[in-house]
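Engineer: There's a structure below that I have some questions on.
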Amino acid sequence: MKKARQEIVDWMQELYEGNEKALAYFFKLHSKSLAYFTTRMLEDKAEADDIVSKCFLKVWQKHKDFKTEQNIKAFLYISCRNACLDYLASLKVRTAAQENYIKYLLGGEETILYDVVQTEVLDMVNKEIEELPDKMKIVFKMLYIEGKSTAEIAEELGLSIQTVRNQKTKAVALIKNSLLKKGVSNALQLAFLFFITK
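The numbers in the sequence shown follow the numbering used here, run straight up by one, and end at 212.
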């Protein structure tokens, strides 16, 4: 944990000094979460990716203004949110979901904070899923990402329903323990539990 923190501090210094590799580092760190965040609002992945790229360009243009990685993250989320709002406002025809997102985005900082937290939790959970043993990972993804039932998974993988349940229970326990070891707060662990019970 301390080593990871020091690495971020070092990259912050590199960014301040104008090292392009530092921008690539922060892009790798945050672009996936931001792409999820913007795609949900726009229902247009290409446009969402374009907005994320433009917001990172703004980070580069202001690279001397950021004191901490949290400053960069906040700037990126707020910039992406504003760019999404501008894009949605410019559309002649909007879907019902896009109309709802305009109201949502105009709703204030609490709504944006909720979305940021949800995005961060999903990003962390996705990283933890990739660390699971192969069979467990397949079962977990089928349950929570593909939305299949225990019976469907058992049939598809040629396993008993009890084996699927056992794999699910072990996967949830492993992810929870890993989040705990990484110092993830109780609030984020609760968000994870909400994610897996939805």
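Yeah, the Cβ is synthetic: ideal placement off N, Cα and C, and Gly gets one too.
(1) Cα separation between Q75 and E34?
(2) If K78 and Y30 are in contact, beta carbons under 8 Å, what's the gap, nearest whole angstrom?
(3) Run the CB neighbour count on T52, radius 10 Å, all protein chains shown included, and call it buried at 16 or more, exposed below.
(4) Measuring only the C-alpha atoms, how far is T164 from L157?
(5) Quick check on K212: does DSSP put it in helix, strand or coil?
(6) May I ask you to report which of helix, strand or coil DSSP gives S214?
(7) From N191 to Q112, what does the alpha carbon distance come to, in whole angstroms?
(8) Tell me whether the beta-carbon of A187 lies closer than 8 Å to the beta-carbon of M150.
(9) Tell me, to the nearest whole angstrom, how far the beta carbon of K68 is from that of A103; I am working on the premise that it is less than 8 Å.
(10) Around the C-beta of Q181, are 16 or more other C-beta atoms found within 10 angstroms, so that it is buried, or is it exposed?
(11) Please say whether I167 and V178 have beta carbons closer to each other than 8 Å?
(12) Have a look at T109, I175, Q176 and T82 and flag the residue whose alpha-carbon is nearest the alpha-carbon of E21.
(13) Can the beta-carbon of F40 be found closer than 8 Å to that of I86?
Structural biologist: Based on what the coordinates show:
(1) The sequence position of residue 75 within the sequence shown is 61, counting from 1. The sequence position of residue 34 within the sequence shown is 20, counting from 1. If you take the alpha carbons of Q75 and E34, they lie about 11 Å apart.
(2) Position 64 of the sequence shown holds residue 78. Position 16 of the sequence shown holds residue 30. Rounded, the Cβ-Cβ distance is 6 Å, consistent with contact.
(3) Taking the sequence shown and counting its residues from 1, the one referred to as residue 52 is at position 38. Buried, by the Cβ-count rule.
(4) Mapped onto the sequence shown, residue 164 falls at position 150. Mapped onto the sequence shown, residue 157 falls at position 143. Their backbone Cα atoms lie some 7 Å apart in a straight line.
(5) As a first step, residue 212 must be located in the sequence shown, where it is residue number 198. Unreliable placement is indicated for K212, whose pLDDT of 46 sits below 50; the coordinate value is still reported in the next sentence. In the structure shown, K212 sits in coil (DSSP, three-state: anything other than H, G, I, E or B).
(6) Here the chain covers residues 15 to 212 and nothing more, so residue 214 does not appear.
(7) Here residue 191 refers to the residue found at position 177 of the sequence shown. Here residue 112 refers to the residue found at position 98 of the sequence shown. N191 and Q112: Cα-Cα distance of roughly 37 Å.
(8) Walking along the sequence shown from the start, residue 187 turns up at place 173. Walking along the sequence shown from the start, residue 150 turns up at place 136. Going by C-beta atoms, A187 is not nearer than 8 Å to M150.
(9) Your numbering for residue 68 matches position 54 in the sequence shown. Your numbering for residue 103 matches position 89 in the sequence shown. Contact doesn't hold; Cβ gap of about 16 Å is too wide.
(10) The count along the sequence shown starts at 1 and reaches residue 181 at position 167. Buried, by the Cβ-count rule.
(11) Residue numbering aside, residue 178 sits at position 164 when the sequence shown is read from its first letter. Residue numbering aside, residue 167 sits at position 153 when the sequence shown is read from its first letter. Taking 8 Å as the Cβ cut-off, V178 and I167 qualify as a contacting pair.
(12) As a working note, residue 21 is residue 7 in the sequence shown. Closest by alpha carbon: T82.
(13) Here residue 40 corresponds to residue number 26 of the sequence shown, with the count starting at 1. Here residue 86 corresponds to residue number 72 of the sequence shown, with the count starting at 1. Yes; because the gap between Cβ atoms is below 8 Å, this pair is in contact.
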